[in-house]
Every structure is written in C-alpha cells, then in structure tokens.
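Read the structure below first, then the notes.
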Amino acid sequence: MRPIIVISAFVALIAGWFVLNSGQNKATPITLTFHAQMGDEPLIYDQFIYENPGGQGQFRVRDFRFYLSNLSFGHGGETYAEPDSYHLLRFDNADSAHSITLPEVPLPSVETVRFLIGVDPAANTSIEARGDLDPNSQMAWNWEVGYKFVVFEGALQVGEDVSPLVYHVGFSENAREVEFSIPAEALADGKQEVNLIVDLAKLFDNAALIDMQALPSVKFNRTDADALADNYATMIAPTF
Amino acid sequence: MRWVVLILAAAGVAAAGWVVWDRVRGPTATPIADFSAPFVFGRFAVPPDNAMTQEAFTLGRHLFYDPILSGNNEVSCATCHVQELAFTDGLAKSPTLSGGELDFSSMSLANLLWGQERFFWDGRATSLEEQALMPIQHPEEMGQDIDALMEELRVSGSYRKMFRQAYGSVTPENTAKALATFMRLLISSNSKYDQYLRGEVRLTAQEEHGRKLFMAHPDTKVSLRGGNCIDCHSQFLTSGFRDALDGFSNNGLDSDETMPDGLMAVTGNPAHKGFFKVPTLRNIAVTAPYMHDGRFDTLEDVMDHYNDGIVVSDTLSPLILEADNAPEAGQGTVGLRMTPDEIQAIIAFLDTLTDEAFLTNPQFSNPIEGGS
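Residue numbers (UniProt numbering), protein chains in the order written: chain G, 1 to 240; chain A, 1 to 372.
Next comes the structure, spelled out in structure tokens:
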C-alpha cells in the first residue's frame, strides 16, 4: 500500500509541475514578413516601369530601405517590447521581402503589434551601434543630424532626359507609429508568420501627391520631409 | 658528487623532454584580447576559426615581408604595400613580374576589420583569408606555386617553429590565416581626426569647415552647403559601408562606353557596372596616386573631379548627380560646384586623417631586416 501512495504522489507532483510550468512560461514564436510592392505588384528595381504619380515620365528604383524600431507586442493588458529593437528593412533580394523573427515572445499569444517607422529621439541622437543602427552605415547622415529613416533613390525619365531622385527622410519628428491587431485565427494551429505589405507607391501618392519632376529630392527641408512622413505613415499594412 | 651527476642527468632529461614536447604538442598561441580600437569604429567580426593571437600576428608579419613568398624570391607583399605609404606603393598601377603594370593601383591596408567585408577594388575576395593567397599565386604579382612555397617554408626551422606555435603545421590555409591576422591588426586610430573625436585636440577653423562639408549632403533649398563625401565614405571610418554591397559605388570616373566592369564582374548584375570599392580615406595624403587606376596625382585633382569633372553614366550614383551647391542648373559640367575655399577646406580635413603613429609603428615594420 505505502509504495503506491508515494508513487502516485510523485506522479501528481510531476504532472502538476508540467501543467503550471507550461502556463507560466508560455512563449509565442512570431515572424513578421514585409513584402515590398509597388501598388499590387512586387517591387522591381532598376527599370523605368513606374509612372511619376503627380506628373510626367517614368521612374526607376535603385534603393529603398527604412528603419523599423521599437517593436512591441500586446496580449490583453500585457505588452512585450523587443530590446534594442532597431531593424533596417531592405528589399534588394529575390523575394523583395524582409523578415523579422522573434522565436520567443513571452506572451501566451500576440494580439497587437506596434512599431515605429523611423528611430526614437534617444537612439537617433546617439552614436552607439545598437540593433541595425550603425553610425558608419549608409543610413547615418552624420552624428550631429542623426539617421535617415526612409531612403528612396532612383531616377526619373522624361523623354530622353534622365534625372536623379533622392528622397531621404529623417529628423526625430518624422518617426511615425504603426499599430495593428492580429485576428486570433491568424496565429492558431502552429502558424507563426504574419505577412505585411509595404506599398512604396504610397510614399508618393497618399495624403500628398508628389510630382517627381517638381520635387526630385527631399533631404533637409522640414516641410517636404513632413509631407513624405505623413505619406509613409500608412504604407505598411498586414494581410491575413 | 653522485648528487650533482644525478641532478644534472635529471635536468638533461627534463630539457630533452621539453624540447620533444614543444615539438609535438599543439599550438600555444596567446590570444590578443585587448587591442585598442575606438568604439566609434563599430562592430567587427573575426572568423571563429582564426582567432587573433600574438603568434599568428608574428608569423603573418614575417610572411608579409618575406620575398620567399614569390616565385623568384624577390617580391614580398611589402613590395606593393609599403608602411610609410599606408601600405600602398606610390605608383598609379603596381608593377608586374614581366616589367609591365597591373590593371589596378595598390590599395591601402588599414582598418580592414571594419568597413566592407569584400576585398579588392571589385570585391572579388570575400575574406582576408581568401584574399591572402591570391597575390602569391597570381602569375604577374608573385608568381609562386603554392605547394612549392610550402616546401620552401618547411625547410626553414624558424618558419616551422612559428607555424607550430601559431597554428600547427605549415599549410596554405595557415599561411593565409597568419597573413589575414597581421592585416586585421593594422589599425590606424591616432590621426588628428581621432584625437579630435576623443576630445584631445581642436581642429583649425579651416579643418573644421572641411569636416562639416565632408559630412553634409548639400541642399540648396535650406542653404546647406556640402561635399557629400559621407554619402559613401562613412563618418568615422571614412571607408565604404559594411552592409551587403553598400560599400561599392560608381563615383563618375568613366562613361558607359569606357567603363570597366568593376563589381559587375563579380555579381553579374548590370546595375553594378563600374562600381568599385569605396576606399578608406585614412592616411589619404600619403597614398597618391588616387582611384583604382591611379589616374589622379593629387588630392586637388580628386577634388576637381568631384567638383566639376563627374562623368555621367547609367550607373552613376544618383547622390553624386544630385549633389550640387549651386541653385541654378549647371552648364555642361556635373559636380559639387563649391568655392575654391571650400575645396581647400575639405583637403585640410583630409590631411587630418594622416596617422604618423601608424605609418611608423615598429610593430608593423619589417621584422626580417633589423626589427624584432
């Protein structure tokens, strides 16, 4: 009789430990995959195939990249903020896509996602290399000015004329917050990936409509930078 | 008396044992833990299978300066990479064994731990280990058969010992690793600019003006004047960028018709035609002539190029094409259109990048003649 009691107490203890433990340490793996598109089609580089949204001519894309930072996830009243969360998203690859994977978000599941397009003021004025922030990279203006948040470079062709396009948007006031919810079924049954569309067309054709011939570059002019920032504020959207 | 003999015998056995042990045991390399480099240089990576050690550095330094590495035993790495010239050779194009010249100008070897992780003007080597054996075997550079070289090195007791202490045996792989380690530790971080960044000295008004211009992309819309150098030469390292192929660019030297392939030869991507490795500008005042083919003799020539000598081509950097300090459209020339004072200021800033301590550091000098 005695051994049976001892053994069943032991079994109960182990089973209980497993049940409690799994409830407490529950972590959710998640991958955010960003697909660069121009309108509804995957982004294509280096070809004059896109119409100047606000004027004449066709443009091509040589470079498009941006900082996504301060990524955080919510579940009910809880939030988890990724530490040193500075991601440089670039799309010059075969899939025109960029993935961010967090193998263990310490939440039972993820209901909301929040991030900045741009860099927060504290990091923007620092020369410390954190996450993908690197003061010796192409994204650094210089240490007195901070980082470029969104970079677009290319060229506009009007008739025979080819002219450069340079849109570099930075300054702390131009960081824009993005937030969205994930429907429960999107992450059910072992699904871990959330796909998002980054629609580059919105950078030029959104709240403000840009004629690339009239405004071929944006760098340090605050009004122009603000207009582009309002445009890119809504260029990213999840698809389920 | 018996005791003395016994002690001597024991000592003799111990010494003999140590000699044998020293030859058969593995390498005894001492890691280089705390070499000094400014934190503003940022992250770097050393291959996990080639940790930096004192012994590897010593071996690499000997190999670098030893003409035994060449087929005719007359050319060493240092023939084309001279310390006083920041490890360039002062020639437009490096000499070939047969008396002609190579297609390219020698490159400065400084701060190779940072910046691009590809080497040569066209980026064809993806690590220093891969790079190191290429000049040795190149028929016109050092013209050496690698197996023959291993035989020669194995004949030398001191090389056998240096290899044993650093890595183990005398192999091509270990030769490459040692050369790579020596080159990784060629760190230049004591120029006036570094001292300024550390808050130790002030720049003159002209140098400071030049620094500001170097670090600014011009924007006539907000009356910001700039030389846009930082668009390609990073602010602290002054080399090209590390990420992906960001450190390669077309800075307007040639037209579409005459342009060499550059990076396109490596990637096969026509958008990379005429792209070359953005070189470090550290010690630039002593590395003339300039550019991949040594076409410019002076920094004045270089500045004239950026100021109004840009040749437009399909792959020219849009940042160069767009960077213009004059509000009205240019007539015929493309470039920064700065004033002579501004150009002199940028050159004054470039002069602050010369690091005398690096150019004369005895640890980087020839260990074979004189040095230790």
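All C-beta atoms in this analysis are idealised placements derived from N, C-alpha and C, irrespective of residue type, glycine included. Owing to the predicted nature of the structure, the values given are computational and were not obtained by experimental measurement.
Against chain G, the beta carbon of Asp246 (chain A) has neighbours under 8 Å at Ser137 and Gln138, listed in chain order.
Listed in chain order, the beta strand (DSSP E) elements of length 3 or more contained wholly in the stretch 44 to 80 of chain A amount to none. Annotation: Ala33 (chain A) is outside any alpha helix (DSSP H) and is labelled neither H nor E by DSSP.
In its chain, beyond the 5 residues on either side, Phe104, Phe276, Lys277 and His292 have a beta carbon closer than 6 Å to the beta carbon of Trp121 (chain A).
Between the beta-carbon of Leu133 (chain A) and that of Arg184 (chain A) there is about 16 Å, and that puts the pair past the 8 Å contact cut. The continuous stretches of beta strand (DSSP E) do not include His272 (chain A), and DSSP gives it neither H nor E. The DSSP-derived three-state label of Arg154 (chain A) is helix.
Ala36 (chain G): member of the beta strand (DSSP E) spanning Thr28 to Met38, first to last residue. Runs of the alpha helix (DSSP H) spanning 4 or more residues and lying entirely within the stretch 185 to 215 of chain A occur at 192 to 197 and 205 to 214, in chain order. Bridge pairing for Arg60 (chain G): G:Ala155 [DSSP]. In chain G, no part has a C-beta under 7 Å from the C-beta of Ser255 (chain A); the shortest such distance is about 14 Å. Here Val145 (chain G) is actually not in contact with Thr28 (chain G); their C-beta atoms are around 38 Å apart, not less than 8 Å. Beta-bridge pairing by DSSP links Asn195 (chain G) to G:Thr33 and G:Thr239.
Only residues of its own chain outside the window of five on either side were considered, and among them Asp224 have a CB closer than 7 Å to the CB of Leu215 (chain G), listed in chain order.
With fewer than 16 neighbouring CB atoms inside 10 Å of its own CB, Phe39 (chain A) falls in the exposed class.
In this structure, Asn50 (chain A) lies near Lys177 (chain A), with their beta-carbon atoms less than 7 Å apart. Against Ala81 (chain G), chain A offers no close residue; the least beta-carbon distance is about 23 Å (beta-carbon pairs closer than 8 Å).
For Tyr86 (chain G), the enclosing beta strand (DSSP E) stretches over residues Tyr86 to Arg90.
7 Å or more divides the Cβ of Ala175 (chain G) from the Cβ of Gly131 (chain G). Taking the Cβ atoms as the reference, Ser239 (chain A) lies roughly 7 Å from Gln116 (chain A), within the contact range of under 8 Å.
Just measuring C-alpha positions, the residue of A:Gln83, A:Thr175 and A:Gly274 sitting nearest Phe364 (chain A) is A:Gln83.
Rounded to whole angstroms, the Cβ separation of Tyr306 (chain A) and Leu350 (chain A) is 12 Å, and the two are not in contact under 8 Å.
Look at the stretch 147 to 175 of chain G: the residues with a C-beta under 9 Å from a C-beta of chain A are Glu153, Gly154, Ala155, Val162, Ser163, Pro164, Leu165, Val166 and His168.
Using a Cβ distance threshold of 7 Å, Asn283 (chain A) and Asp194 (chain A) do not count as a contacting pair. In the structure shown, Trp143 (chain G) adopts coil according to DSSP, grouped into three states.
If you check the CB distance, Phe115 (chain G) and Val178 (chain G) come in under 7 Å. The distance from the Cβ of Ser99 (chain G) to that of Leu32 (chain G) is about 7 Å, consistent with a contact at the 8 Å cut-off. Looking at the DSSP output, Ser249 (chain A) shares a beta bridge with A:Phe276. The alpha-carbon of Ala122 (chain G) is positioned some 24 Å away from that of Arg242 (chain A). For His168 (chain G), the enclosing beta strand (DSSP E) begins and ends at Asp161 to Gly170. In the DSSP assignment, Ile182 (chain G) falls outside any alpha helix (DSSP H), carrying neither H nor E. Close to Ala129 (chain G), with beta-carbon spacing below 8 Å, are these residues of chain A in chain order: Gly42 and Arg43. Asn52 (chain G) is positioned such that its CB atom lies closer than 7 Å to that of Phe59 (chain G). The shortest C-alpha to C-alpha distance from Gln37 (chain G) to any of G:Asn93, G:Glu160, G:Asn124 and G:Asp134 is the one to G:Asn93.
Asp40 (chain G) counts as exposed, since fewer than 16 other beta carbons sit within 10 angstroms of its beta carbon.
At least one CB atom of chain A sits nearer than 7 Å to the CB of Asn221 (chain G).
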